[in-house]
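S.K.: Residue numbers (the working numbering): 137 to 413.
Following this message is one structure expressed as structure tokens.
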Amino acid sequence: MEKLIIILFVMAIFPKIVFSKELAVTIDDLPIVHASAFTKKQQEIIFNKILNTLDKFNIKIVGFVIGKEVASHNHYMLNTLLAKGHLIGNHTYSHPYYKHVTIDFYCNDVMKGEKILESWLSEPKYFRYPMLHQGETQYKKETMKNFLLEKHYAIAHVSIDNDEWMYNDDYEKAFFNQDKNKMKKIGINYLEHMKEKTYFFELMANNKLGRNIKHVLLIHMNLLNSDYLEKLLEWYKKEKWNYITLQEALSDPVYKIEDQYIGDRGISFLERIYLHP
Ligand SMILES: [Zn+2]
Numbered sequence: 137m138e139k140l141i142i143i144l145f146v147m148a149i150f151p152k153i154v155f156s157k158e159l160a161v162t163i164d165d166l167p168i169v170h171a172s173a174f175t176k177k178q179q180e181i182i183f184n185k186i187l188n189t190l191d192k193f194n195i196k197i198v199g200f201v202i203g204k205e206v207a208s209h210n211h212y213m214l215n216t217l218l219a220k221g222h223l224i225g226n227h228t229y230s231h232p233y234y235k236h237v238t239i240d241f242y243c244n245d246v247m248k249g250e251k252i253l254e255s256w257l258s259e260p261k262y263f264r265y266p267m268l269h270q271g272e273t274q275y276k277k278e279t280m281k282n283f284l285l286e287k288h289y290a291i292a293h294v295s296i297d298n299d300e301w302m303y304n305d306d307y308e309k310a311f312f313n314q315d316k317n318k319m320k321k322i323g324i325n326y327l328e329h330m331k332e333k334t335y336f337f338e339l340m341a342n343n344k345l346g347r348n349i350k351h352v353l354l355i356h357m358n359l360l361n362s363d364y365l366e367k368l369l370e371w372y373k374k375e376k377w378n379y380i381t382l383q384e385a386l387s388d389p390v391y392k393i394e395d396q397y398i399g400d401r402g403i404s405f406l407e408r409i410y411l412h413p
């Protein structure tokens, strides 16, 4: 009862904090996921559809680029992103799974990615760990965190993690089999999955912090989103979410809480902090 009174009191005083639904959209694995499976024209269509959808909702993203995927034929994608006011972040050169490589390899890979992105990398410099894997031992985790700090990177945390890439893999298969019914079914399941994940992490924020937080959504630059991002963003709008930038989202003090998770899972920032309201 006492707890309820406190919650009601806080809601009355700070309704914006308790009820606010703010979301930064970030897109990984640029220029295009599984680019080699598509023709250059198809890649262009995927990219343009996603960019047009972002424009429609007036959303500015940070796009995280895999350095080795950058080639002269897709430079225009990075140029277009910047021209439209989006930002570009580093997602390493070869997208390694940290557990499978040494610290030295990983550091080199980060810097190799930075070198490729020299003319596009935005300020502040953002880094997104591939597969959200930050180190399976305390030593690996701390060393990398310090290395990134030293290189002036801000870690692009993710609060709404969702494994949307698995839906994309199936969606691509159905696309290449020209199975439109299956594509539609996967698309509908994808949207349902994203809604569930969003509710799940909203609830987790409330349980752990007693409030909602400024969320960061992770999705990918893929075929699935070229067809379904618009519907997904419409749903968020309908649910009264406001779109913010990654910089705004990371200003939420939650992201200053120490990430205590050590292990080989790539998980949401909310799952990395152990707190009780
Ligand atoms: Zn990635």
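Even for Gly, the Cβ is constructed at its ideal location relative to N, Cα and C.
All values derive from a computational prediction rather than experimental measurement.
Would you check whether ligand 1 has a heavy atom nearer than 7 angstroms to the C-beta of residue 232?
M.R.: Checking the Cβ of residue 232 against ligand 1 gives no.
S.K.: For ligand 1, any of its heavy atoms closer than 7 angstroms to the Cβ of residue 165?
M.R.: yes
S.K.: Residue 319: which of 364, 276, 288 and 176 sits nearest, CA to CA?
M.R.: 364
S.K.: Would you call the segment 320 to 331 in contact with the segment 176 to 193, where contact means no fewer than 3 C-beta pairs closer than 8 angstroms?
M.R.: Three or more Cβ pairs closer than 8 angstroms define a contact, and the segment 320 to 331 falls short of that threshold against the segment 176 to 193.
S.K.: From the DSSP output, read off the bridge partner residues of residue 356.
M.R.: According to DSSP, which records beta bridges pairwise, residue 356 is partnered with 164.
S.K.: Going by the C-beta, is residue 227 closer than 7 angstroms to any heavy atom of ligand 1?
M.R.: Yes, the Cβ of residue 227 comes within 7 angstroms of a heavy atom of ligand 1.
S.K.: Could you give the distance in angstroms between the alpha-carbon of residue 224 and the alpha-carbon of residue 256?
M.R.: 6 angstroms
S.K.: Just list the residues that DSSP pairs residue 325 with in beta bridges.
M.R.: According to DSSP, residue 325 bridges with nothing at all.
S.K.: Flag residue 260 as yes when its Cβ comes closer than 7 angstroms to any non-hydrogen atom of ligand 1, and as no otherwise.
M.R.: no
S.K.: Since residue 234 contacts residue 242 with CB under 8 angstroms, what's their CB separation in whole angstroms?
M.R.: Rounded, the Cβ-Cβ distance is 6 angstroms, consistent with contact.
S.K.: Which of helix, strand or coil does DSSP assign to residue 201?
M.R.: Assignment of residue 201 by DSSP, reduced to helix, strand and coil, places it in the strand class.
S.K.: Which parts of the segment 295 to 353 are runs of the alpha helix (DSSP H), unbroken and 4 residues or longer, counting only runs that do not cross its ends?
M.R.: 300 to 312 and 316 to 345
S.K.: Following a CB-centred definition, is residue 266 positioned closer than 7 angstroms to any heavy atom of ligand 1?
M.R.: The nearest non-hydrogen atom of ligand 1 is less than 7 angstroms from the C-beta of residue 266.
S.K.: Are the Cβ atoms of residue 351 and residue 205 separated by less than 8 angstroms?
M.R.: no
S.K.: In this structure, how does DSSP classify residue 194 when only helix, strand and coil are distinguished?
M.R.: coil
S.K.: Spatial neighbours of residue 291 within its chain, please: C-beta separation below 7 angstroms, excluding the five flanking residues on both sides.
M.R.: 263 and 284
S.K.: Going straight from the alpha carbon of residue 239 to that of residue 273, what length do you get?
M.R.: 11 angstroms
S.K.: Kindly indicate which three-state DSSP category residue 387 falls into: helix, strand or coil?
M.R.: Three-state DSSP puts residue 387 in coil, outside helix and strand.
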